[in-house]
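So the structure is just underneath, and the comments pick up after that.
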Amino acid sequence: MEALGDVSNPFFYATLLRKEKEDSRKTGGIIDKSDGVYSQFGIYNKSQQDMTWNFASGGKLKFDYYSDSFEDFKKRFQGLELSYVGVDEITHMPYEYFKYLLTSNRNAHGIKNRFRGSCNPDPDSWVANFIDWWIGEDGMPIPERNGVVRYCFMYGETVNEIYWGDSKKEVYEQAKERIDKLWRKEYDVFGNKEDMFIKSVTFIEGKLEENVKLMKSDPNYLGNLANQSDEQVARDLDGNWKFKTAGVGLLTFEDMEKFFNNSYQNQGGKYITCDVAFEGGDKCVMWYWEGYHARDVRVIAVDSKKTVEYAKEFLQLHGVLEDNFLYDVNGLGQVFKGYMPKAKPFNNKEMPTNGDRTMFENLKAECAYKFVQRMKAGGYSIEHSLRLRKFSGKNYKNVSLENILLKERKAVAQDDKDTDKNWKLISKVEMKKIIGRSPDFMESFFMREYFEIKKIKARRTGVWFL
């Protein structure tokens with residue numbers, strides 16, 4: 040709707056972005072909805088390589104995406120002049136992509152430049168920090184600040200480095216030294232420092248009851264939202280930006296984006312880690328590793344006998360020794376003991392490798408902690424083709440592996456009760472409350488650290504005997 044006021048301008052160029060190209064093209068998605076808005080003003084090119092409204096005036100509105108690498112993203116948007124940029128679910132967009140996109144939000148034809156982002160609350164996102172002034176301690180938008188315009192100078196690579204103020208002058212006084220270094224006398228003819236370097240920002244709360252058309256056509260939508268987890272209801276229905284069911288989230292969206300785009304971390308041997316499940320329950324997830332590079336994944340839901348058969352086939356496919364197959368022995372994993380005697384059983388409740396629980400509650404907590412540290416340090420990578428592979432399971436259908444992992448990272452949380460004691464994860468029950476199911480992909484993922492932990496233990500033992 041935002042673009043309607045400028046569709047008659049031949050120099051109006053706009054873009055609307057979602058993470059994946061396919062997201063906009065889904066049935067009932069943003070492209071289908073746009074037909075009712077723009078069809079009287081132009082013609083839409085349905086080609087997947089184009090996806091553009093061509094208005095009769097000569098202006099254009101293109102549907103785009105940002106799931107590619109940052110370098111490829113920059114190449115696609117470099118040099119563009121876009122007087123309107125809209126990002127749907129902006130909490131999914133990395134901060135560096137957002138900042139770079141601002142360089143394309145410009146034009147030389149007197150059209151007012153606008154940048155709009157819509158989203159549901161996500162307390163772990165950079166957006167939560169960005170709009171913090173508008174949000175109260177209880178996580179709810181502050182009514183008297185709703186729609187209030189503030190100003191900022193976006194220095195640095197993180198949200199925390201931004202200079203904020205209630206006026207351009209206030210921001211300039213804070214960032215004067217940095218702005219003055221960037222200024223040249225030749226710029227005087229184009230304007231002043233405050234107008235050219237400082238941007239205006241506002242936050243406007245959206246409420247479900249304001250969507251009159253949706254509520255009238257589908258009143259059950261409210262009930263569908265209310266039937267979600269407490270955390271989901273607090274965020275999507277109540278609009279709470281700070282609500283968390285339990286624990287301290289350990290992996291940020293930026294951590295995951297770095298992982299998705301990381302170079303191959305394939306130093307080391309070949310391993311397979313398996314979170315065991317059979318038909319009728321959660322998914323059985325097996326990761327194939329080359330060093331710390333997730334090269335392949337197999338997801339199945341069959342009976343115990345076939346699960347073992349698939350596991351052996353997966354080993355053979357990638358040339359992995361049975362000794363390097365790790366399975367979750369708690370519960371259903373017991374079946375592997377008889378069929379794969381050389382495989383390694385992973386006991387969640389086993390004592391940490393140092394022999395006491397002073398630092399970690401158990402082996403699972405130790406692996407999770409070391410996994411998080413390595414992930415944040417850029418020590419993991421994933422095969423690019425895996426990111427887009429789609430899976431279905433409890434409460435999700437045809438969802439890309441990338442989006443599955445982005446959701447499940449929220450379940451990797453430290454128990455914030457009794458933090459003065461040992462380090463431990465939140466319970467499985469709490470994990471399920473947060474994401475609505477068991478985090479099968481992520482749990483089998485951090486089991487990869489088991490092989491490194493056991494190597495260290497063996498090495499220390501050898502030195503001790505010397």
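Quick note: the sequence shown uses my numbering, first residue 40, plus one each step.
Note that beta-carbon positions come from the ideal geometry of N, C-alpha and C, so glycine has one too.
Item: For Thr54, count neighbouring Cβ atoms within 10 angstroms of its own Cβ and tell me buried if that reaches 16, exposed if not.; Value: buried
Item: Spatial neighbours of Leu43 within its chain, please: CB distance less than 6 Å, with the 5 preceding and 5 following residues excluded, ordered by chain position.; Value: none
Item: Taking the alpha-carbon positions, what's the Asp62 to Lys151 distance?; Value: 28 Å
Item: Beta-carbon separation of Lys60 and Tyr105 under 7 Å?; Value: no
Item: Could you tell me the alpha carbon to alpha carbon distance between Ser96 and Trp222, rounded to whole angstroms?; Value: 37 Å
Item: Whether or not the stretch 395-405 and the stretch 465-477 are in contact is what I'm after, with contact meaning three or more pairs of Cβ atoms, one per stretch, closer than 8 Å; do they touch?; Value: no
Item: Distance, Cα to Cα, Thr312 vs Lys58?; Value: 29 Å
Item: What separation, rounded to the nearest whole angstrom, lies between the Cα atoms of Pro160 and Phe242?; Value: 12 Å
Item: Please report how far the alpha carbon of Trp326 lies from the alpha carbon of Phe399, in whole angstroms.; Value: 25 Å
Item: Residues in its own chain within less than 6 Å of Phe504 by CB, not counting five upstream and five downstream?; Value: Confidence in Phe504 is poor, its pLDDT being 35 and thus under 50, which makes the residue's placement unreliable; the coordinate value appears in the next sentence. There are no such residues.
Item: Is it true that the CB of Gly432 sits closer than 7 Å to the CB of Lys322?; Value: yes
Item: For Gln304, list the residues DSSP reports as bridge partners.; Value: DSSP, once it has assigned bridges, lists no residue as partnering Gln304.
Item: Counting along the chain, where does the beta strand (DSSP E) carrying Tyr52 start and finish?; Value: Tyr52 to Arg57
Item: Taking the alpha-carbon of Ala167 as reference, which of Tyr202, Lys446 and His131 has the nearest alpha-carbon?; Value: His131
Item: Measuring CB atoms only, is the stretch 449-457 touching the stretch 330-337, in the sense that at least three cross pairs come out at less than 8 Å?; Value: no
Item: Suppose you measure from the CA of Lys246 to the CA of Ile69; what does that come to, to the nearest Å?; Value: 19 Å
Item: Give the list of continuous beta strand (DSSP E) stretches no shorter than 3 residues that lie fully inside the stretch 305-380.; Value: 309-314, 323-329, 332-339 and 364-367
Item: Could you say which of Glu422, Asn146 and Tyr52 lies nearest to Glu329 if we only look at CA atoms?; Value: Glu422
Item: Residues in its own chain within less than 7 Å of Arg64 by CB, not counting five upstream and five downstream?; Value: Ile70
Item: Under the rule that 16 or more other beta-carbon atoms within 10 Å means buried, what is Trp173, buried or exposed?; Value: buried
Item: What would DSSP say about Ile421, mapped onto helix, strand or coil?; Value: strand
Item: Between which two residues does the beta strand (DSSP E) containing Arg153 stretch?; Value: Arg153 to Ser157
Item: Considering only residues of the same chain and omitting the five flanking positions on each side of Ile443, which have a CB-CB separation below 6 Å?; Value: Phe480
Item: Considering only the alpha carbon of each residue, which of Tyr366, Lys344, Gly186 and Glu110 lies closest to Val315?; Value: Tyr366
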